[in-house]
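K.L.:
Below you'll find the structure I mean.
Numbering (the numbering used here), first residue to last: 22 to 457.
So this is what it looks like as structure tokens:
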């Protein structure tokens with residue numbers, strides 16, 4: 022609450038999650054003892070007011086107080102923004118302190134509250150969209166004996182009851198596919214996933230992911246679904262057109278589709294579809310892109326894309342038809358090119374927002390690709406996936422043609438709320454411990 026104390030009568034402003042209103046309190050109405058208690062209040066105290074509504078001479082709707090109650094006392098001062106002579110000062114603007122004290126951030130910065138209200142609306146919109154198309158929301162294990170479904174370094178823990186090492190999941194994919202194999206044709210999960218990697222404006226080791234799988238669909242079907250779902254989510258928070266870090270993004274227009282190697286050729290002037298590792302390494306050097314000496318074919322292609330192509334994709338663009346070398350869980354392309362798979366990634370504002378495949382459902386091919394990943398792991402690739410025998414055995418029971426999609430909820434929230442740092446859309450982001 023905000024206070025304007027006078028002699029025997031005062032005005033104050035109270036606020037809750039619905040908004041603000043002014044109230045008028047007078048000693049003659051509430052009694053001397055209650056009025057004296059009122060005069061001891063500080064900004065941040067919680068109070069209850071009962072009375073009737075009236076309009077002041079200046080036209081402000083107010084409550085004339087008949088009953089006044091102190092509900093809770095704030096004994097620690099709030100970092101309130103102050104105004105004097107039209108200037109604002111003492112704002113609670115230090116980002117690290119805001120992240121460490123999100124409760125205070127929410128109290129004093131209404132735009133922060135709005136961000137998290139909109140985050141909830143976005144997630145609700147996604148659920149409504151998928152539920153309305155016959156998808157079933159499910160839950161899969163957070164602690165897993167093997168990690169998979171993405172190339173990432175996991176968090177490791179010891180499961181005392183089972184006496185073995187477990188991992189916090191890096192993706193939901195392999196369990197959701199088991200549900201498809203089990204006859205659940207449309208499933209999705211909005212989950213917390215964990216990748217023990219770096220932190221930057223777009224990445225947080227703990228993040229919220231949407232994954233959905235749709236039997237008898239392919240990546241073309243899912244491009245259409247993702248585009249419409251993004252548009253509906255944007256409409257839910259009135260952000261069909263949004264400014265994101267100075268970039269004007271228009272989600273109301275059709276999303277573009279561009280093949281992976283076509284984009285690379287535009288960026289490098291080289292056709293790299295059938296290039297050798299040495300040729301790709303030479304192209305990296307030509308564009309002053311540093312790669313590790315033991316970097317493989319797929320890693321170098323990925324590095325070229327991330328440096329030369331992806332940052333320039335401002336309006337919504339699906340990159341389609343990826344190389345098999347960096348897509349171990351995607352199905353071979355229907356055009357017969359052995360180098361390609363049916364995969365897309367959605368980029369907006371130079372950042373990735375979705376990753377999707379026509380899923381690989383050939384258990385023999387899947388085993389070979391995971392064994393190739395395991396070989397990369399032996400060569401020092403910490404992000405390569407291990408062979409999951411249980412998943413392959415499930416796949417051997419038969420999985421129908423399936424399309425699958427993964428979407429980062431945090432990043433989508435960033436886009437639709439105009440925030441450029443992922444910590445601004447996570448209520449309680451992880452922070453390094455302060456010195457005692």
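Just so it is clear, CB atoms sit at the ideal spot from N, CA and C, and this is done for glycine as well.
1. For residue 78 and residue 92, what's the separation of their Cα atoms in angstroms?
2. What runs of the alpha helix (DSSP H), each 4 residues or longer, lie entirely inside the stretch 29-113?
3. Nearest-angstrom Cα distance between residue 448 and residue 95?
4. Tell me which residue opens and which closes the alpha helix (DSSP H) that residue 423 is part of.
5. Are the stretch 333-345 and the stretch 358-366 touching, with three or more C-beta to C-beta distances below 8 Å?
6. Scan the stretch 294-327 and note each continuous beta strand (DSSP E) run of 3 residues or more that stays entirely inside, going in chain order.
7. Could you name the residues that DSSP lists as bridge partners for residue 179?
8. My output table needs one value for residue 270: the three-state DSSP class, helix, strand or coil.
9. Considering just the uninterrupted stretch of the alpha helix (DSSP H) at residue 116, what are its terminal residues?
10. Ends of the alpha helix (DSSP H) at residue 202?
11. For the alpha helix (DSSP H) containing residue 395, list its first residue and its last residue.
12. So if DSSP puts residue 212 in a beta bridge, which residue, or which two residues, is it bridged to?
13. Report yes if the C-beta distance between residue 412 and residue 197 is below 7 Å; otherwise report no.
14. Under a three-way DSSP split, which group does residue 376 fall into?
15. Have a look at the DSSP bridge pairing and note the partners of residue 366.
16. Just to confirm before moving on: does the CB-CB distance between residue 375 and residue 428 stay below 7 Å?
17. Check the C-beta distance from residue 293 over to residue 276 and give it rounded, since I have them as a contact under 8 Å.
18. Decide if residue 44 is buried, meaning its Cβ has at least 16 other Cβ atoms within 10 Å, or exposed.
19. Please tell me whether residue 394 and residue 349 are closer than 7 Å, where the distance is taken between their beta carbons.
20. For residue 220, count neighbouring C-beta atoms within 10 Å of its own C-beta (all shown protein chains included) and say buried if the count is 16 or more, exposed if not.
21. Give me the Cα-Cα distance between residue 320 and residue 330, rounded to the nearest whole angstrom.
22. How far does the beta strand (DSSP E) with residue 277 in it extend, from its first residue to its last?
23. Could you pull the start and end residues of the alpha helix (DSSP H) that residue 411 belongs to?
24. Return yes when the Cβ of residue 193 is within less than 7 Å of the Cβ of residue 161, no when it is not.
25. What separation, rounded to the nearest whole angstrom, lies between the Cα atoms of residue 125 and residue 140?
26. Whose C-beta lies closer than 6 Å to the C-beta of residue 271 among residues of the same chain, with five residues either side of it excluded?
27. When DSSP labels each residue in this structure, what does residue 255 get in the three-state scheme?
28. Between residue 223 and residue 35, how many whole angstroms is the CB-CB distance? I'm expecting something under 8 Å.
29. Have a look at residue 258 and residue 250 and give me their C-alpha separation to the nearest angstrom.
30. Rounding to the nearest angstrom, what Cα-Cα distance links residue 19 and residue 76 in this structure?
31. Would you kindly work out how many angstroms separate the C-alpha atoms of residue 135 and residue 254, rounded to a whole number?
32. Applying the 10 Å Cβ sphere with the 16-neighbour rule, what's the burial state of residue 178?
33. Look up residue 157 in the DSSP assignment and give the residues it is bridged to.
34. What's the gap between the Cα of residue 225 and the Cα of residue 42?
35. In the structure shown, what three-state DSSP assignment does residue 346 receive?
36. Short of 7 Å in beta carbon distance, which residues of its chain neighbour residue 334, apart from the five on each side in sequence? Order them along the chain.
P.N.:
The structure says:
1. 30 Å
2. 48-51, 53-60
3. 22 Å
4. Per DSSP, residue 423 belongs to no alpha helix (DSSP H); it is in the beta strand (DSSP E), 423-429.
5. yes
6. none
7. 186
8. strand
9. 116-121
10. 194-202
11. 384-399
12. 230
13. no
14. strand
15. 340, 376
16. yes
17. In fact, because the Cβ distance is near 24 Å, the residues do not count as touching under 8 Å.
18. buried
19. yes
20. exposed
21. 15 Å
22. 277-280
23. 410-416
24. yes
25. 19 Å
26. 262
27. helix
28. Actually they are not in contact, since the Cβ atoms of residue 223 and residue 35 sit about 39 Å apart, beyond 8 Å.
29. 13 Å
30. Not covered by the structure: residue 19. The range shown for the chain is 22 to 457.
31. 16 Å
32. exposed
33. 208
34. 38 Å
35. helix
36. 368, 371
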